[in-house]
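Asker:
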Amino acid sequence: MLKRIAKVVLIVVAISLLLSGIAWASTPEITIKVNGVALSSEIPPLIVSSSTMVPMRTICESIGAGVTWDQRTKTVIATKSGHIVKLQVGNRIPTKDNSPMKQLDVPAMLIEGRTLVPVRCIAEAFGSTVGWNGATRTVDIAYSDIRDGKTAQDVLNESTATLDAVTSYKFGGTTKSTLIISPDQAGSGPMAITQEMTGAFRKPQEVYVKTTTTASGGGDLLGLGTSGADVSESYTNGSEYYEKVDGAWELVDTQTSSILNALVGGNTMQNPNATLTEFKDIATIVAFGDDALVNGKPHYTIYVKLDPRGFKDYLLNLVTQLAGTDATPEDLALMKEVYGQLLQGMRFDMAYRVFVDKDTKIADYYETRSIFKMAMEGLGTITSKADSSMSISDLNQPVVMPVVK
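In case it helps, mature numbering (1 follows the signal peptide of the UniProt record, and there is no 0) puts the sequence shown at residues -25 to -1, 1 to 380.
1) By Cβ distance, which residues of its chain are closer than 8 angstroms to SER366, with the 5 residues on each side in sequence left out?
2) Quick check on the burial criterion: 16 or more other C-beta atoms within 10 angstroms. Buried or exposed for VAL375?
3) CB SER143 to CB ASP369, shorter than 9 angstroms?
4) Using the Cα positions of ASP221 and LEU307, report the straight-line distance between them to the nearest angstrom.
5) Return the Cβ separation of ALA98 and ILE5 in integer angstroms, given the expectation that the two are a contact with Cβ distance under 8 angstroms.
6) Assuming ALA83 and VAL114 form a contact by the criterion Cβ under 8 angstroms, report the distance between their Cβ atoms to the nearest whole angstrom.
7) Does MET172 come out as helix, strand or coil in the three-state DSSP assignment?
8) Can you give the Cα-Cα distance for THR189 and LEU281, rounded to whole angstroms?
9) Classify PRO304 as helix, strand or coil using the three-state DSSP reduction.
10) Measuring straight from C-alpha to C-alpha, what distance separates GLY174 and PRO165?
11) Counting only runs that start and end within the region 43 to 124, where is the alpha helix (DSSP H) found for 4 or more residues in a row?
12) Do the region 110 to 125 and the region 259 to 271 meet, that is, are 3 or more Cβ pairs less than 8 angstroms apart?
13) Please work out which residues of its chain come closer than 7 angstroms, Cβ to Cβ, to ASP332, disregarding the five sequence neighbours upstream and downstream, and give them in chain order.
14) For GLN170, does the count of other Cβ atoms within 10 angstroms reach 16, so buried, or fall short, so exposed?
15) How close, in whole Å, do the beta carbons of ILE168 and SER152 come, if the pair is a contact with beta carbons under 8 angstroms?
16) Helix, strand or coil for VAL130? Go by DSSP, reduced to three states.
17) With distances taken Cα to Cα, identify the nearest neighbour of residue 382 among ASN371, VAL379, ASN10 and ALA223.
18) Taking a contact to mean a Cβ-Cβ separation below 9 angstroms, would you say LEU85 touches SER26 in this structure?
19) With 16 as the cutoff for other CB atoms within 10 Å, does GLU225 come out buried or exposed?
20) Hey, could you find the ends of the beta strand (DSSP E) SER207 is sitting in?
21) Who are VAL12's beta bridge partners in DSSP?
22) Go through its chain and collect everything with a Cβ distance to ALA127's Cβ below 6 angstroms, but skip five positions before and after it.
23) Please identify the residue among ARG177, SER214, ASP205 and LEU154 whose C-alpha is closest to the C-alpha of GLY192.
24) Check the C-beta distance from LYS185 over to GLU218 and give it rounded, since I have them as a contact under 8 angstroms.
25) For THR177, which residues of its own chain have a beta-carbon under 8 angstroms away from its beta-carbon, when the five flanking residues on both sides are left out?
26) Are the beta-carbon atoms of LYS55 and PHE101 separated by less than 9 angstroms?
27) What separation, rounded to the nearest whole angstrom, lies between the Cα atoms of VAL9 and VAL379?
28) Give the DSSP-derived three-state secondary structure of ALA136 in the structure shown.
29) Leaving out five residues on either side along the sequence, give the residues of the same chain with a beta carbon under 7 angstroms from the beta carbon of SER24.
30) Could you say which of VAL206, VAL182 and ALA204 lies nearest to ASN212 if we only look at CA atoms?
31) Does DSSP put ILE(-15) in a helix, in a strand, or in coil?
32) Could you check which residue in MET76, ILE22 and THR335 has the C-alpha nearest to that of THR135?
33) What residue from ASN132, ASP72, HIS58 and GLU17 has the CA that sits closest to GLU87's CA?
34) State the beta-bridge partners of ILE155 as determined by DSSP.
35) Using three-state DSSP, classify SER37 as helix, strand or coil.
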């Protein structure tokens, strides 16, 4: 049973790093909520001279504002709906549309490479109302945005339903990440990892994925080597999970197969539409960004962030489901304890940008940004930064699936 526990925990942790927008501590001192949903951040909110400070990008993404950084002037710039808000590090006078705003008690500051700003200043600059609950130490942000008579959640729901009716499609994407271990006892430096993914989906539950991974620097932290490429292929039909090994398809053992099918074959990261479906089961912060052109076609831009506590509960429930029918209550308690210990001290911030075609109503392009930090005894702090993109195409067109038997 302990071997099964280790296998399940490692798989679920790996999936959580790729899919989640999770960020929590054992007892968070300050909570920020947007429309009642907790906001996640890789750096916990700080109170400085009665001002609650949060990473600029984190608060902006929660209300759908884009963010850029001017290195020369040390200025962070937020844009949405034609408005431009600028905060310069160390300067107490922010500007909106080139006009000075109310002087801040605390100016923007740099901490751990992130620009922290007063949450009230940014939220109110883009039309939100902000309240403070001293009893629960919670900042409550209320924000509303309607486009074409719909909320951002309405557009996502419509997109999910529309894509769910599609019988097949192809998808592909790229993830570029950096893995850093601090202190760097081995002197290997950061590792840069690039993953190129292509795949196909066909109803009812067939998913094929081919991933090419290259790594440089960082010694051999992940066993990928420091040159060349590692190619992996996987396939599921909804009940069985296969991997390609030495040119031949092999059925993964029953227990692992059920785990991977639950994570990859059903509602999961390899099926873009299933990712949106997962969001329905977890409280999310959803907001419109500025409309965009994708391949020359007008799209809604929607920012999505997950409630850290809701996602934590989801993962713990998943651990229970994947334990197997022969697991005793003691086994389940141990699994949750082991998994909980792995998550101690972890902070994570991840945001999706979902682009929904205004004509077809389908989300056909996705971007993600993530920062993950975890302190591990004997190893130090692991930091992973990643940027990803994925697109889907060839809707309702024939797709080729591998012959695995």
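Beta carbons are placed, not taken as given, at the ideal position from N, Cα and C, and that holds for glycine.
Answerer: Taking the coordinates as given:
1) Cβ within range, chain order: PHE146, GLY147, GLY148, ASP339, TYR340 and TYR341.
2) VAL375 is exposed by the Cβ-count criterion.
3) Taking 9 angstroms as the Cβ cut-off, SER143 and ASP369 qualify as a contacting pair.
4) Here the alpha carbons of LEU307 and ASP221 stand approximately 36 angstroms from one another.
5) At roughly 15 angstroms, the Cβ-Cβ gap does not stay under 8 angstroms, so ALA98 and ILE5 are not in contact.
6) ALA83 to VAL114, Cβ: 17 angstroms. No contact.
7) In this structure, DSSP gives MET172 an extended state, which the three-state scheme calls strand.
8) Distance between the alpha carbons of THR189 and LEU281 is about 29 angstroms.
9) Three-state DSSP puts PRO304 in a helix.
10) If you take the alpha carbons of GLY174 and PRO165, they lie about 29 angstroms apart.
11) Runs of the alpha helix (DSSP H) lying entirely within the region 43 to 124, each at least 4 residues long, are 94 to 100 in chain order.
12) The region 110 to 125 vs the region 259 to 271: in contact.
13) Correct list, in chain order: LYS272, HIS274 and ASP339.
14) Buried, by the Cβ-count rule.
15) Confirmed, about 5 angstroms.
16) Taken through DSSP and simplified to helix, strand or coil, VAL130 comes out as helix.
17) Any answer about residue 382 is impossible in this case: the structure gives the chain only from -25 up to 380.
18) Between LEU85 and SER26, the C-beta spacing is not below 9 angstroms.
19) The residue is exposed, with fewer than 16 neighbouring Cβ atoms inside 10 Å.
20) Element bounds for SER207: 204 to 211.
21) DSSP output for VAL12 lists VAL9 as bridge partner(s).
22) For ALA127, where only same-chain residues beyond five positions count, the Cβ hits under 6 angstroms are VAL261, ALA262, PHE263 and ILE277.
23) When each option's Cα is compared against that of GLY192, the closest is LEU154.
24) LYS185 to GLU218, Cβ: 11 angstroms. No contact.
25) Residue identity differs from the one stated: residue 177 is Arg in this sequence, not Thr. Within its own chain, the residues whose Cβ lies closer than 8 angstroms to the Cβ of ARG177, once the five positions on either side in sequence are excluded, are THR142, SER143, VAL374 and MET376, listed in chain order.
26) It is a contact, given that the beta carbons lie within the stated cut-off.
27) When rounded, the distance between both Cα atoms is 47 angstroms.
28) ALA136: helix per DSSP, three-state reduction.
29) The answer, listed in chain order, is ASP80 and VAL81.
30) Of the candidates VAL206, VAL182 and ALA204, the one whose C-alpha sits nearest the C-alpha of ASN212 is VAL182.
31) For ILE(-15), the pLDDT reaches just 44, beneath the cut-off of 50, and the residue's location in the model is therefore unreliable, although a value from the coordinates is still provided. Three-state result, ILE(-15): helix.
32) Of the listed residues, the one whose Cα sits closest to THR135 is THR335.
33) Just measuring C-alpha positions, the residue of ASN132, ASP72, HIS58 and GLU17 sitting nearest GLU87 is GLU17.
34) ILE155 pairs with THR358.
35) Reduced to three states, the DSSP call for SER37 is helix.
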